[in-house]
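Presented below is the structure to which this report refers.
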Amino acid sequence: MSTLAMPPVDQLVLNDKEKIVRHLKRFTNPINVISDPEGITPYETDALSAYKQKPMVIVLPENTEEVRSILKYCHENNIKVVPRGSGTGLSGGALPLADCVLLGLSKFNKILEVDFENRCVVTQPGVTNLSLTKAVEHNGFYYAPDPSSQIACSIGGNIAENSGGVHSLKYGTTTNNVLGVEIVLMDGTIMRFGGKKLESEGYDLLGLITGSEGLLGVLTEVTVKILKKPQSVKALLLGFQSIEDSGQCVSDIISGGIIPAGMEIMDKPLIKATDNYAKAGYPKDVEAILIVELDGTESEVNILIKRVEEIAKKNKSSYLRISKNDEERLRFWLGRKAAFPAIGDMSPDYLCMDGTIPRKKLAEVLQEITKLSQKHGLRVANCFHAGDGNLHPLIMFDSNVKSELKRAEKFGADILKYCVKVGGVLTGEHGVGIEKRDLMCEMFNDEDIQQQLNIKQAFDEKSLLNPGKVYPILHRCAEGGKMHIHKGDTKFKDIPRF
């Protein structure tokens, strides 16, 4: 397990553990408070499993009033709180602290209202992404954002990380599909932003909350937009003899005015892994595959298929298959959706990176990733949301081999630095968390980060909510810059740079 600098443990709080546990049981059913070593172990990490830390205590509230009471108590007693959804996050955003109350939202698992007239669903944050579609598909509707973990990830976590998915190109990420939230601030204040109506007056606080990674408040209710299923949906499975040709095909499709519902590329190592794992029927004699999904009216989709075929041939496509029915279309996506677990057949461990780049830089960045693979002596497989330039390099390593995790982390950091260098950003949908926290200075200077911390403190003046995440602590982004210290903190260990 890699070492990680986090806010120092508050020994006074730990000394009061028994009293804190006793008090927390006043705010919820005592069975919802977990403090025994065996009970807290499953909560010691999220999907960034290279890092582990047991929390002081776990509390699983059942309603908004319980959340309000717990946060108010922790605020008054200077106790840190780490919110947690389903624990599927890949950036360490739900990593506990040794002296924190881990606030789990798993019992907020009910859909409260399905409103077809206003085309929305009101739900609790612990409901899984896929469950939203399951609740409305009988009436021909669906929820558009579909991350690969949609069977397990919760809508609250999707909002915290602004998650996307294969259909984000046309229908947007979570921020484009959320209409309103109920949120509890660290001091116990309950607030509502947005609602069933499409527009709200004043500042876009709903937009601010989406993607805030649990630093500003705890979600207790969500209203999301649902869409009517299109008349026709078809997918093309394209194969190319070079990754560069597949990338150029993506650019030509977009520049040709075509906006597919989804567009994904996988390279040869991942083609082999996913096909062996999911039996999706991918071609084995190509260097890259491109999945292009088109939707709309039947006549519109047929016209777009012909145009994409022409663009693919122009870019030397050596394989082309068009889905004959919905079953075959879903089979095209089966391998892509299984990309992350499929890597488990190739390597005992892997890091899933998440940088975003301009589409025209795709080939250049992939060439650089190949060079970095050789430099660090680790294998990598690539898949990405090609339409919006969101890369997911999967760096393979063995945690049982000394130093391989550190090499994998350096490899990942080099990829993200290069993404920023070519005009991209550190993350597309996984969030910053702890994984990319110490790379924030690659994108922002001291003044940028200080302004963001000012917003954090406007919502959480004591910096008790999810401390140690997203922003570098006691670190200068530029020579002569100020130290970034969360208000209320007095000392931190130095944070090692990658």
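Using the working numbering, the letters of the sequence shown correspond one by one to residues 528 to 1025. Ideal Cβ placement from N, Cα and C applies to all residues, glycine included. In this text the structure is predicted, and so the values were computed from the model without any measurement.
Item, Value
"Pick helix, strand or coil for residue 610, following the three-state DSSP scheme.", "strand"
"In this structure, does DSSP put residue 962 in helix, strand or coil?", "coil"
"With the cut-off set at 7 Å, would you say residue 573 and residue 616 are in Cβ contact?", "yes"
"I'd like the list of long-range same chain contacts for residue 970, defined as Cβ closer than 8 Å, with 5 residues on each side in sequence excluded.", "947, 952 and 953"
"Is the beta carbon of residue 917 closer than 7 Å to that of residue 871?", "no"
"Rounding to the nearest angstrom, what Cα-Cα distance links residue 823 and residue 940 in this structure?", "40 Å"
"Pull up the CB-CB distance for residue 773 and residue 815, whole angstroms please, since I reckon it's below 8 Å.", "4 Å"
"Going straight from the alpha carbon of residue 928 to that of residue 577, what length do you get?", "13 Å"
"What does the alpha-carbon distance come out to for the pair residue 484 and residue 889?", "Residue coverage of the chain in this structure runs from 528 to 1025, which leaves residue 484 outside it and unanswerable."
"Check whether the Cβ atoms of residue 676 and residue 960 lie closer than 7 Å to each other.", "no"
"At what residue ranges does the segment 899-927 contain a whole run of the beta strand (DSSP E), taking only runs of 3 or more?", "907-912 and 917-924"
"Quick check: the Cα distance between residue 841 and residue 738, rounded to an integer number of angstroms?", "39 Å"
"CB residue 880 to CB residue 906, shorter than 7 Å?", "no"
"Which residues in the same chain have their Cβ closer than 8 Å to the Cβ of residue 874, if we skip the five residues on either side of it in sequence?", "906, 923, 924 and 925"
"What alpha helix (DSSP H) runs, 4 residues minimum, are completely inside the segment 654-718?", "656-663, 682-688 and 695-698"
"Can you check which of these residues, 697, 719 and 607, is closest to residue 649 by C-alpha distance?", "719"
"Return the chain-ordered list of same chain residues with a C-beta closer than 6 Å to the C-beta of residue 810, the five sequence neighbours on each side being excluded.", "766 and 846"
"Which whole-angstrom value is the C-beta distance of residue 910 and residue 968, which I expect to be below 8 Å?", "About 28 Å; that fails the 8 Å criterion."
"Using only the alpha-carbon positions, how far apart do residue 656 and residue 607 sit?", "28 Å"
"Ends of the alpha helix (DSSP H) at residue 512?", "Here the chain covers residues 528 to 1025 and nothing more, so residue 512 does not appear."
"Can you tell me whether residue 804 is helix, strand or coil according to DSSP?", "helix"
"Give me the Cβ distance between residue 696 and residue 751, rounded to the nearest whole Å; I'm assuming they're in contact under 8 Å.", "Going by Cβ atoms, the distance from residue 696 to residue 751 rounds to 19 Å, so no, they are not a contact pair."
"Can you tell me whether residue 882 is buried or exposed, with buried defined as 16 or more other CB within 10 angstroms of its CB?", "buried"
"Quick one: what does DSSP say residue 593 is sitting in, helix, strand or coil?", "helix"
"Please report the distance separating the alpha-carbon of residue 805 from that of residue 932.", "28 Å"
"Ordered along the chain, which non-local residues of its own chain (more than five positions away) have a Cβ less than 8 Å from that of residue 777?", "790, 792, 817, 886, 889, 913 and 914"
"Are the CB atoms of residue 813 and residue 787 within a distance shorter than 7 Å?", "no"
"Thinking just about the alpha-carbon of each residue, which of 701, 651, 627 and 683 is nearest to the one in residue 671?", "701"
"Go through its chain and collect everything with a Cβ distance to residue 722's Cβ below 7 Å, but skip five positions before and after it.", "706, 707 and 750"
"May I have a chain-ordered list of the alpha helix (DSSP H) segments no shorter than 4 residues that lie completely inside the segment 533-601?", "538-542, 544-551 and 564-567"
"Assuming contact is defined by CB atoms lying nearer than 7 Å, are residue 796 and residue 662 in contact in what I supplied?", "no"
"Measuring alpha carbon to alpha carbon, tell me which residue in 993, 848, 715 and 709 is nearest residue 732.", "709"
"In chain order, what residues of the same chain lie with their CB nearer than 8 Å to the CB of residue 580, ignoring the 5 residues before and after it?", "533, 571, 572, 622, 623, 624 and 625"
"For residue 631 versus residue 681, is the C-beta distance shorter than 7 Å?", "no"
"Let me check one thing: in DSSP terms, what residues is residue 847 bridge-paired to?", "765"
"List the endpoints of the continuous alpha helix (DSSP H) containing residue 975.", "973-986"
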